[in-house]
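Chains as they are written, first to last, in the working numbering: chain A, 1374 to 1459; chain B, 6 to 241; chain C, 40 to 375; chain D, 26 to 576. Virtual Cβ for every residue (Gly too), placed ideally from N, Cα, C. As the structure is a prediction and not an experimental result, all values here were calculated from the model.
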Amino acid sequence: MYFSVWAALLLGTFITYKVAYLDLGRFNAAVALTIATIKALLVALFFMHIKGAHEKLLKLVVVSTLFFLFILLVLSMADYGTRTWS
Amino acid sequence: MSDSTVVGLHHEEQHHPELLHHFAEPQQQRDAASLGMWIFLATEVMFFGGLFCAYLIYRRLYFGDFGAASKSIDATLGATNTAVLICSSLTVVLAVWAAQIALRKLLIGSLIVTMLLGMVFLGIKGKEYKDKFEEHHVPGASFSFDHVPIPGHPDQYANPRHAEIFFALYFIMTGLHALHMIIGLGLFAWLLYMAWKGRFTPEYHTPIEIGGLYWHFVDIVWIYLFPLLYLIDRHP
Amino acid sequence: MFDNFPLWPARASTAAGNVDALFIFLLIVSGLMTLLIFTALLYFAARYRHRRGVLAEQIEGSTPLELTWSIIPFFVFMAIFVWGAAVYFKGRTPPRDSTEVYVVAKQWMWKLEHAEGQREINELHVPVGRDVKLIMTSQDAIHSFFIPAFRMKQDVLPGRYTVAWFHATKAGTYHLFCAEYCGTQHSGMIGSIVVMEPAQFEAWMSGGTTGPLSVSGEKIFAELGCVTCHRADAQGRGPNLQGIFGKPVKLEDGRTVTADENYIRESILDPGAKVVSGFKPVMPTFQGLVSEEQLNALVAYVKSLSQPVATPTSTAAVTLQDNSKATGNSSGSQVQ
Amino acid sequence: MSMATTTLQPVERENYLNKEYGVGSWLFTTDHKRIALLYLISITFFFFIGGFFALLIRLELLTPASDLVQPDTYNKLFTMHGMVMVFFFLVPSIPATLGNFLVPMMIGAKDLAFPRINLLSWYLYIIGGLMMLHCMLTGGVDTGWTFYTPFSTAYSNTKVVEAGLAIFVAGFSSILTGLNFVVSIHRMRAPGMTWSRLPLFIWAHYATSIIQILGTPVIAITLLLVAVERTLHLGIFDPKLGGDPLLFQHLFWFYSHPAVYIMILPSMGVISEVIACFARKRIFGYSFVAFSSIAIAVFGFLVWAHHMFVAGISIYAALVFSILSYAVAVPSAVKVFNWTATLYKGSIHYDAPMLYAFGFIGLFTMGGLTGLFLAALGIDVHVTDTYFVIAHFHYIMVGGALMGYLGGLHFWWPKISGRLYPEGWARLAALIVFLGFNLTFFPQFVLGYLGMPRRYADYSHMPEFQVLNVLSTAGATVLGVGYLLPMLYFLWSMRYGKPAPDNPWNAAGLEWMTSSPPTTFNFEKEPIVTWEAYNYDELDTGHKQEVKVVG
């Protein structure tokens, strides 16, 4: 199982690298970040054993951390995204 | 301290030499250590989070300039480094597994390979830094990024000051990541020493587990750094 | 007696009344809440003081009560929010036909320049009864333009314009403070706002001046050679600037921005950042070549190109601007 | 552990204080109670340094002219007052002292989960503190505790980098304390100590720890960026080099607003314990008080840009942050109402800790209500960066947090020291602090609405502000006496105070079921909890009373 995750991660890296040279317009960033997120999930779920952890607490820690990171990014954007000047 | 407790502790110590006095049982100690590591990683997420926030805001403001600056970094080296780290994550998982089933040789071998891969990563990183230094892309007095076209706009040059912000963030983010790698190598050297002395058993291998968590986290940070820093706007 | 010991600041602008009204409302609301809590606290403290043989009664709590004292304050808070937001919105949206004053802050002084050309330092003369818009920037650290009597404050940042406005209602001299800490002489970065009756103000304005700011701007425009590319026809290498101010501009990369003060400023200092659709990014940067004052003059000049009469002079200008507001600033968003 | 019972002294029972002697036994201790005392000594030291700066500030403002000190010196004084008080006193105040001492005992554990990390945390604090001291002694820093860029990175010519790094290091001490608490509360609770049986002090510290863990790293990285930008002349925050100074403010307040809750939440926890004990009752609406702590911690992260309403953020962002700021006001109000309701049908004693608790509720209410003024966009424009803000946050952070800290210190002093403090002096001190505080800071609300900006060394052009400033300075001297008194009689009581019984207040909670002072591992044997929190009915009557649900 570890080896298939590993293979998937390498594949993801390869795809990201190759796709970056295609012109997808604004989708370049979306694809790159999607693949990165999938890879991060794979590492967290399988290598860091979040999947199969015997209690929900660890998941709660991860989710709430990401929530606060999300707050930091999104609420900053509430300012930067709505400025009428640069 | 009452006698009964002291006796109780001595009783425990005979079975679990690694059990610290203030824990009731090994399971509690393991769970505490693992939760502690996860919370430490939460701290790390927010630590890098501040940088990612700065990065995203400037990338949005100065997209073209960031694209031009990003294009000047060697993406092949970056991709190679990503692969190196992913391989090292695999060997870390193998080390944890080996510790669980008491395969001492596999444990030691995995730890050594992990450390070697970590050093390869740092070596490649050093090569990148050296290139940037020679190209005068290190922010500071000798920084220069004149007449570099913006990707997709061949007649338009990137604003060097905005590119300098990119490189400042590039060096701070990858630098802090590299610092985490170096700390990780130190940690793994200690784990290797412990493993060499045969301190880990299927019952007691928490240090390997939480060291592994740390290493995987550093890997995940890089998984995001790679596309964000190297692959902003690559297409010809 | 209250000369040396005032308890309420002077009220000398339209905003002051709005802010004071909300402030008084809040004083009443919080006064009532304080009264409620303190009365209950003191009453319970006295009534249920420890007496020998009398035991406390154990009470678990009460969900209806909890909900009551969560929900009622919540709605009170929302009312305050809406009122506060309305006052704020008004305070940050300058009316379209405001008289304009350019403000440059530096450690540790205020340099002010009227659109008509009068320059002042640490002092600003304005007439009663006119909307005055301040277009402000800093040469160094962050400062903050604060007139307590007008209940008006706006940070002044380096590298961009921030905008504030007021409508003075009472003649007099009022404090101007820097409210954002800016270094050694922060507390010396003060001045006065002199509010005058319109007639006196006209008299003051007719004193020595170098001519309207837009005229100085036109001179600089010619001296720097801007005029060779930004021609008054469609043949120039740069966009024709006639009538663009306040209008949406289509950019090379497909975005649309409004040509406001910050856009003009950025286009002078960092021309490559937002290139107008159909043009090549050939303009050199003027970063370091123009001072903040010259920048302001250039911005004023570009603005004047969007008005039927390019060089308005004092009294006539007011009526002309009134007439022209439909055409001049019709589509521009003035929201800062 | 192999310590023998041979060191037992005939008179005193063995406890954590007399178990070992010598500097080494303190500097290398992993006992949470000893570390708490190390922290207590260190933060008291910094409190008096910060207080000394405050006194100089107030003396300078006695007269309008800048006559006592130069403006440059004044700027350094308020900067270092802020930095010392915020980062080296208020943030560690209750968590690192009372929290460190009590959290393990209250949950029925022998120690925190990571005793060595706990000690490391103190050393980091000391290293940061020494860096700060060095910075102050070799010239100081004048950016304001807020480090606003580009002033801090490009224009100030003082020791910004050193101060920033000092706070960076001290920040990690705070993170480690929070980490230790969360893990301990999750993993180390005694059998039977369910979440709903936890004292509210623990809930408050749990909420505090969340902020310490998730907020502190952001200011750490921000200060690092400031240091790097200043050293290498980069342009991350400097508009001259393409950066945006508002980004600094966003990142700074992302931590520094929740940091206010790091200071006030533990204090709220103390107040809950004290009120329950001296009203001899369970806290009214236990679960609402508990969850409001968590709600405050979470909502606290959503409101930071209300410090930036006039800084140049978009109107839209201002609206969002204003409405969210009101959201955080609700759980704070809920707490005040619940404490008040707890008194209803209580049996109220007026010992010194309870006087501090009353003081806390009074001052916190006023501080909280003036927060409503500041969150109202239209009013904030006028009063932000004036003395109104100064008064507001001192009501919260000094009136609130410090009152709770002192109240808690009195409440648990018999447990900590094994001695009783002189009750009469303590009541007098509580009264002096309350009166002195109001005299110091209430005039500043008026000054603020009149428009006196903060951080002004000199107001000679505004002589109309003098009367209020004189009042404030007069109050500050009274307040100073109020703070000196407890230190003196606490020190006195350590030698001359009457020995304290194990439970002098007849209070509920596991910490009172140990000896005073406790032994190194707190409990003779692991406690098994079979009762609810605040079981004052059982303590006072020996049996459970029927618990009513009203309303």
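Own chain residues within Cβ distance below 8 Å of Q281(C), not counting five before or after: As a first step, residue 281(C) is located in the third sequence; it is residue number 242 there, counting from the start. If we look at Q281(C) and ignore the five residues flanking it on each side, its Cβ neighbours are A271, L344, S345.
Exposed unless 16 or more other CB atoms sit within 10 angstroms - verdict on G153(D): Numbered from 1 along the fourth sequence, position 128 holds the residue referred to as residue 153(D). Flag for G153(D) reads buried.
task: Closer than 9 Å by beta-carbon distance: list the chain F residues that pair up with R65(B), in chain order.
output: Although the question refers to chain F, the structure presented lacks it and instead comprises the protein chains A, B, C and D.
query: How big is the Cα-Cα spacing for G473(D) and W47(C)?
result: The count along the fourth sequence starts at 1 and reaches residue 473(D) at position 448. The count along the third sequence starts at 1 and reaches residue 47(C) at position 8. Approximately 10 Å, taken between the alpha carbons.
field: Under 7 Å by beta carbon: chain B residues contacting G311(C)
entry: Here the question's residue 311(C) lines up with position 272 in the third sequence. Here the neighbours are Q161, Y162, N164.
- prompt: Checking contacts by CB at 9 Å: is S39(B) closer than that to chain A?
  reply: The residue labelled residue 39(B) in the question sits at position 34 within the second sequence. Judged by the 9 Å Cβ criterion, S39(B) is in contact with chain A.
message: Using 8 Å as the cut-off, can you tell me whether the stretch 302–310 of chain D makes contact with the stretch 100–114 of chain C, which would need three or more C-beta pairs spanning the two stretches below that distance?
response: With the rule of 3 Cβ pairs closer than 8 Å, the stretch 302–310 of chain D counts as touching the stretch 100–114 of chain C.
query: What separation, rounded to the nearest whole angstrom, lies between the Cα atoms of T1455(A) and T201(C)?
result: As a first step, residue 1455(A) must be located in the first sequence, where it is residue number 82. As a first step, residue 201(C) must be located in the third sequence, where it is residue number 162. Their backbone Cα atoms lie some 15 Å apart in a straight line.
field: Beta-carbon gap between I289(D) and S209(D) smaller than 9 Å
entry: Working through the fourth sequence from its first residue, we reach residue 289(D) at position 264. Working through the fourth sequence from its first residue, we reach residue 209(D) at position 184. Not a contact, by the Cβ cut-off of 9 Å.
- request: Give the residues of chain A in contact with R239(B), contact being defined as C-beta atoms less than 7 Å apart.
  value: Taking the second sequence and counting its residues from 1, the one referred to as residue 239(B) is at position 234. By Cβ distance, chain A contributes A1393, Y1394.
- request: Compute the beta-carbon to beta-carbon distance between I238(D) and I44(B), rounded to the nearest angstrom, for a pair I have assumed lies under 8 Å.
  value: Residue 238(D) sits at position 213 when you count from the first residue of the fourth sequence. Residue 44(B) sits at position 39 when you count from the first residue of the second sequence. Right, the Cβ-Cβ distance comes to about 6 Å (below 8 Å), so this counts as a contact.
- request: Just the chain B side, please: which residues come within less than 9 Å of K1429(A) by C-beta, in chain order?
  value: Counted from its first residue, the first sequence places residue 1429(A) at position 56. In chain order: nothing, as chain B lies at least about 12 Å away.
query: Mind checking whether Y150(D) and Y286(D) have CB atoms under 9 Å apart?
result: Here residue 150(D) is taken as the residue at index 125 of the fourth sequence, counted from 1. Here residue 286(D) is taken as the residue at index 261 of the fourth sequence, counted from 1. No. Outside cutoff.
query: Does DSSP put F144(C) in a helix, a strand or coil?
result: Position 105 of the third sequence, counted from the start, is the residue given in the question as residue 144(C). A quick correction: the sequence has Ala, not Phe, at residue 144(C). Looking at A144(C) - three-state DSSP - the assignment turns out to be strand.
- request: State the beta-bridge partners of K172(C) as determined by DSSP.
  value: On the third sequence, residue 172(C) is found 133 positions in, with the first residue counted as 1. K172(C) is bridged to E139(C), W204(C).
task: Closer than 7 Å by C-beta to A320(D): which residues in its own chain qualify, once you throw out the five before and the five after it? Chain order, please.
output: Counting from one through the fourth sequence, the residue named residue 320(D) turns up at place 295. Closer than 7 Å at the Cβ level, and outside the excluded window around A320(D), lie P356.
Contact set between the stretch 170–190 of chain B and chain D, restricted to residues whose Cβ is under 7 Å from the partner: Contact annotation: in the stretch 170–190 of chain B, residues whose CB is within less than 7 Å of a CB in chain D are I170, A173, I177.
message: My parser needs the beta strand (DSSP E) runs of 3 or more residues fully inside the stretch 194–243 of chain C; what are they?
response: 201–206, 211–217, 230–235
Under the three-state DSSP convention, the category L74(C) falls into: Position 35 of the third sequence, counted from the first residue, corresponds to residue 74(C). Residue state, collapsed to three classes: helix.
field: Enclosing beta strand (DSSP E) for S183(C) [first to last residue]
entry: Along the third sequence, one-based indexing puts residue 183(C) at 144. Residue range 182–186 is occupied by the beta strand (DSSP E) that includes S183(C).
query: CA-CA distance, T48(B) and L1431(A)?
result: What you label residue 48(B) is simply residue 43 of the second sequence in a count that begins at 1. What you label residue 1431(A) is simply residue 58 of the first sequence in a count that begins at 1. Each residue's Cα considered, the two are about 14 Å apart.
message: With a threshold of 9 Å between beta-carbons, can E45(D) be considered close to chain B, or not?
response: Taking the first residue of the fourth sequence as position 1, residue 45(D) is located at position 20. By this cut-off, E45(D) is not an interface position.
- prompt: Identify the residues that DSSP records as bridge partners of P376(C): which are they?
  reply: Any answer about residue 376(C) is impossible in this case: the structure gives chain C only from 40 up to 375.
message: Using only the alpha-carbon positions, how far apart do A173(B) and L266(D) sit?
response: In the second sequence, counting from the first residue as 1, residue 173(B) sits at position 168. In the fourth sequence, counting from the first residue as 1, residue 266(D) sits at position 241. Straight-line Cα distance between these residues: approximately 12 Å.
task: Just the chain A side, please: which residues come within less than 7 Å of V506(D) by C-beta, in chain order?
output: Numbered from its first residue, the fourth sequence carries residue 506(D) at position 481. From the beta-carbon of V506(D), no residue of chain A is found nearer than 7 Å; the closest lies around 42 Å away.
- request: May I ask you to report which of helix, strand or coil DSSP gives E155(C)?
  value: In the third sequence, counting from the first residue as 1, residue 155(C) sits at position 116. E155(C): coil per DSSP, three-state reduction.
For A245(D) and K58(D), the rounded distance between their alpha carbons: On the fourth sequence, residue 58(D) is found 33 positions in, with the first residue counted as 1. On the fourth sequence, residue 245(D) is found 220 positions in, with the first residue counted as 1. Their Cα atoms are separated by approximately 28 Å.
task: Return yes when the Cβ of E298(D) is within less than 9 Å of the Cβ of F436(D), no when it is not.
output: As a working note, residue 436(D) is residue 411 in the fourth sequence. As a working note, residue 298(D) is residue 273 in the fourth sequence. Going by C-beta atoms, F436(D) is nearer than 9 Å to E298(D).
task: Please classify R212(D): does DSSP put it in a helix, a strand, or coil?
output: Within the fourth sequence, the letter at position 187 stands for residue 212(D). It is helical.
query: With G294(D) and W228(D) assumed to form a contact (beta carbons below 8 Å), what rounded beta-carbon distance in angstroms separates them?
result: Here residue 294(D) refers to the residue found at position 269 of the fourth sequence. Here residue 228(D) refers to the residue found at position 203 of the fourth sequence. Yes, they are in contact, since the Cβ atoms of G294(D) and W228(D) sit about 7 Å apart, within 8 Å.
query: Can you tell me the Cα-Cα spacing of N43(D) and D527(D), whole angstroms?
result: Looking up residue 43(D) in the fourth sequence gives position 18. Looking up residue 527(D) in the fourth sequence gives position 502. Going by the C-alpha atoms only, they are around 16 Å apart.
message: Using 9 Å as the threshold, is the C-beta distance between F189(C) and A55(C) below it?
response: Counting from 1 along the third sequence, the entry for residue 189(C) is found at position 150. Counting from 1 along the third sequence, the entry for residue 55(C) is found at position 16. Against a cut-off of 9 Å, the Cβ pair of A55(C) and F189(C) comes out as a contact.
task: Kindly indicate which residue of L163(C), M235(C), D136(C), Y340(C) has the alpha-carbon position closest to the one of W149(C).
output: Numbered from its first residue, the third sequence carries residue 149(C) at position 110. Ranking L163(C), M235(C), D136(C), Y340(C) by Cα distance to W149(C) puts L163(C) first.
message: Any beta carbon of chain C sitting closer than 9 Å to that of D410(D)?
response: Counting from 1 along the fourth sequence, the entry for residue 410(D) is found at position 385. Yes - at least one Cβ of chain C is within 9 Å of the one on D410(D).
- request: Would you tell me roughly how many angstroms separate the C-alpha atoms of H240(B) and M1450(A), rounded to the nearest one?
  value: By one-based count along the second sequence, residue 240(B) stands at place 235. By one-based count along the first sequence, residue 1450(A) stands at place 77. Rounded to the nearest angstrom, the two C-alpha atoms are 27 Å apart.
- request: Give a yes or no on whether 9 Å exceeds the smallest Cβ distance from K1412(A) to chain B.
  value: For this step, residue 1412(A) is matched to residue 39 along the first sequence. Closer than 9 Å: yes.
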